[in-house]
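S.K.: Provided herewith is a single structure, encoded as structure tokens, for subsequent inquiry.
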Amino acid sequence: MARLTRMHLGDILVVPIQEELHDTAAEEAGEKIIREANNSNIKGVAIDISALDIVDSFLGRLLQKIAWGLRAMGKEVILVGIQPEVAVALVELGLYLEDINTAFELDSALEKLREMIEKGSE
Amino acid sequence: MAKKNDKKEIEKLRRENIEYKNLIEEMSEGFAFLEGDLTFSFSNPACDGIFGVPEGKLMGRKLQDFLTTEYFKEIKKNIITKKKKKKSVFEIEVNAEDGERRYLLTRSNPHFDEKEKFVGSFVFFYNITKRIKLEEELLFERGLLNSLLNTIPDHIYFKDEKSRFIKVSKSLAEWFNVDSVDGLMGKTDFDFFTEEHARPAYEDEQEIMKTGNPIEGKVEKETHPDGRITWVSTTKIPRYDKKGNIIGILGVSRDVTEKKLWEEEREEKLEAQREELMELSTPVIDVWEGVLTVPILGSLDSERASRVSEALLTQIVEKRAGVAIIDISGISAVDSAVADRFIRTAKAVRLVGSEAILTGVGVEIAQTIADLGIDMGGLKTMSTLKDGLRYVISQKKDKEEKRGEKE
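Structure (structure tokens):
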């Protein structure tokens, strides 16, 4: 399995997904993200999928599950860099991910995440 | 003197062989004795019947009474040979006295007296009217078929069970640049086309012969070995033998190349126009920093709707636009499929990290949406583009103010 890159920027965990993940590899990656977010003083997670041109229903649902899992632990989540084709495909699959925030790129994602964290702690 | 001798001769014959006479009387073929000037001096009942006269009344009549002059001359020359032991066989046409026209096969045998003098001929008449009529009919029909095959511009071809040509129209030979139709006999499509056309055509024909189901008006692309491409509209039907077994196919192909090319050209032009129109009618406008607007005019089918969302999403991501306003005030009607498409587009816009606002929802469209029970799914809508812009600008101001407060 390809190594899953994870970066800590203060209380934010950044996970860039570089390649298409399938089945067990994807599940493992999801687990890792949740565990890592739980084990530290992480307040928000940004999952960057800008490198992906295709997202199948499995991966789409997994992203949703990860987001819900993190939310359940009180963490904020943001999806970064969903490509137009990917967005269309997700909508076609009925995966609107309506309760998950999105951003074009990491910069604005981090900004948004900070806002969300501030709001949450107010 | 001669006549006296002939009669004696016949009398002798009769007397000598009564049984032979009976046999002749009962024969179904006509049998007669013709004197040198072609006078019947004897005929059996079958012969009388053939010439359409009452029994026994042929005696004393002349063969030429029943013939056309033209025939008569030929018969004089050819049929009644006077050479010894030389038989002659000939076909003649007679106008029988019962009104029928009959075709006869004659076989004559010259007869000579003791002094080797020619006295006449024994002649058999076989009625072959049926056969000749059939032949004439066949010839007539063959003539019709040949004139059809020689003149019709459509390609007509008869093929055997192995898809080999057995008869073709002249036009097909010309199509293949072959001098004569004989040059096609026994050959197949594989000899004149490349595999690309020959293979499917062969498979079609084998399928027709297997199932008996014809092919009607199939438009086929013909690929010639010299690279030429032609189009034909083809009909192929199975050919049966007398017992009902399929023994090949009959095909007719009409050249529709010009029509096809014209159609293609028209299709291309139409497609180009459609694309041009599409681009013209779905401009994505950069109205404000980070704000895109797509005014949609005219009618919206689902193809155009998906083009709009495609163009919009790409531009949003390229320009990092935080807000996209889709203005549909120029649209006359929205059906459920299109409304659904808009909602999906708005959701995709949100997924890439932007926000979609639908403006220009008029009374009619609003009613349609309500009637159809479409859930706008949290999609932000405003009645006019102005309202949309005002909302966006105020949002921006709020953000800036907040930022200002922080600093």
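So the protein lines, in turn, are chains A and B. Read in order, the letters of the first sequence correspond to residues 14 to 135 in my numbering. Read in order, the letters of the second sequence correspond to residues 9 to 415 in my numbering. Note that CB positions come from ideal geometry on N, CA and C, so glycine has one too.
With a threshold of 16 other CB atoms inside 10 Å of the CB of tryptophan 81 of chain A, please say whether the residue is buried or exposed.
M.R.: Counting Cβ neighbours within 10 Å, tryptophan 81 of chain A comes out exposed, since fewer than 16 surround it.
S.K.: How many Å lie between arginine 115 of chain B and glycine 64 of chain B at the Cα?
M.R.: Taking the straight line joining both Cα atoms gives about 21 Å.
S.K.: Of all the options B/Glu108, B/Arg109, B/Glu122 and B/Leu46, which has the alpha carbon lying nearest to the alpha carbon of lysine 16 of chain B?
M.R.: Taking only the C-alpha atoms, the option nearest lysine 16 of chain B is B/Glu122.
S.K.: Can you grab the Cα-Cα spacing for the pair threonine 322 of chain B / serine 171 of chain B, in whole Å?
M.R.: Threonine 322 of chain B and serine 171 of chain B: Cα-Cα distance of roughly 55 Å.
S.K.: Pop quiz: phenylalanine 6 of chain B and glutamate 37 of chain B are said to be a contact at Cβ under 8 Å. What is the actual Cβ separation, rounded to whole angstroms?
M.R.: Nothing can be reported for residue 6 of chain B, as the shown portion of chain B is limited to 9 through 415.
S.K.: What are the residues in the segment 100-112 of chain A lying within 8 Å of chain B by C-beta distance?
M.R.: Taking 8 Å as the Cβ-Cβ cut-off against chain B, the residues of the segment 100-112 of chain A that qualify are Ala100, Val101, Leu103, Val104, Glu105, Tyr109, Leu110 and Glu111.
S.K.: Cβ of methionine 14 of chain A less than 8 Å from any chain B Cβ?
M.R.: Because methionine 14 of chain A sits at a pLDDT of 46, beneath the cut-off of 50, its placement in the model cannot be relied upon, and the following sentence gives the value as read from the coordinates. No - not a single Cβ of chain B is within 8 Å of the one on methionine 14 of chain A.
S.K.: Could you name the residues of the segment 311-331 of chain B whose beta carbon sits closer than 8 Å to any beta carbon of chain A, in the order they occur along the chain?
M.R.: Answer set for the segment 311-331 of chain B: Ser317, Glu318, Leu321, Thr322, Ile324, Val325 and Arg328.
S.K.: Output, in chain order, the set of chain B residues within a Cβ distance shorter than 8 Å of proline 97 of chain A.
M.R.: The contacting residues are Glu318, Leu321, Thr322, Ile324, Val325, Ala356 and Val360.
S.K.: When you compare only the Cα positions, how much space is there between threonine 389 of chain B and threonine 231 of chain B?
M.R.: The alpha-carbon atoms of threonine 389 of chain B and threonine 231 of chain B are separated by roughly 57 Å.
S.K.: Where do the ends of the alpha helix (DSSP H) carrying tyrosine 111 of chain B lie?
M.R.: Where tyrosine 111 of chain B is concerned, there is no enclosing alpha helix (DSSP H), although the beta strand (DSSP E) it sits in stretches over 109-120.
S.K.: In the structure shown, what three-state DSSP assignment does lysine 407 of chain B receive?
M.R.: Here lysine 407 of chain B sits in helix by DSSP.
S.K.: Could you tell me the boundaries of the alpha helix (DSSP H) in which tyrosine 28 of chain B lies?
M.R.: Per DSSP, tyrosine 28 of chain B belongs to the alpha helix (DSSP H) from 26-34.
S.K.: Comparing the C-beta of phenylalanine 352 of chain B with each C-beta of chain A, is any distance below 8 Å?
M.R.: Note that residue 352 of chain B is arginine in the sequence shown, not phenylalanine. Cβ-Cβ to chain A under 8 Å: yes for arginine 352 of chain B.
S.K.: Strictly by DSSP, which residues pair up with leucine 71 of chain B?
M.R.: Note: leucine 71 of chain B sits in no beta bridge, so no partner.
S.K.: Counting only the same chain and skipping the five closest in sequence on each side, list residues whose C-beta sits under 6 Å from that of alanine 116 of chain A.
M.R.: Once the five neighbours on either side are set aside, the close Cβ partners of alanine 116 of chain A are Ile91, Val93, Ala122 and Lys125.
S.K.: What is the DSSP secondary structure of phenylalanine 132 of chain B, reduced to helix, strand or coil?
M.R.: Note: phenylalanine 132 of chain B maps to strand in three-state DSSP.
S.K.: Which residues in the same chain as threonine 219 of chain B place their Cβ atom closer than 8 Å to its Cβ, once the five residues preceding and following it in sequence are excluded?
M.R.: There are no such residues.
S.K.: Which chain B residues sit within Cβ distance under 8 Å of alanine 116 of chain A?
M.R.: The answer, in chain order, is Gly361.
S.K.: Hey, is the segment 258-278 of chain B in contact with the segment 293-308 of chain B, meaning 3+ C-beta pairs nearer than 8 Å?
M.R.: Counting Cβ pairs under 8 Å, fewer than three are found: no touch.
S.K.: Got a sec? Which residues, its chain only, sit under 6 Å from glutamate 228 of chain B by beta carbon, not counting five neighbours each side?
M.R.: So the qualifying residues of the chain are Val240 and Thr242.
S.K.: Taking the Cβ atom as the reference point for each residue, do leucine 157 of chain B and lysine 178 of chain B lie within a distance shorter than 8 Å?
M.R.: Cβ atoms of leucine 157 of chain B and lysine 178 of chain B: closer than 8 Å.
S.K.: Using the beta-carbon count (16 or more within 10 Å), is histidine 35 of chain A buried or exposed?
M.R.: Exposed, since its Cβ has fewer than 16 Cβ neighbours within 10 Å.
S.K.: Opposite asparagine 54 of chain A in the DSSP bridges: which residues?
M.R.: Asparagine 54 of chain A pairs with nothing; no bridge assigned.
S.K.: Looking only at DSSP bridge pairs, what is serine 261 of chain B linked to?
M.R.: In DSSP, serine 261 of chain B forms a bridge with B/His163 and B/Thr242.
S.K.: Near valine 360 of chain B, what residues of its chain come up, given a Cβ to Cβ distance below 8 Å and the 5 sequence neighbours on each side ignored?
M.R.: The residues are Leu321, Ile324 and Val325.
S.K.: When we look at the beta-carbon of asparagine 25 of chain B and count the other beta-carbons within 10 Å, is it buried (16 or more) or exposed?
M.R.: Exposed, because fewer than 16 other Cβ atoms sit within 10 Å of the Cβ of asparagine 25 of chain B.
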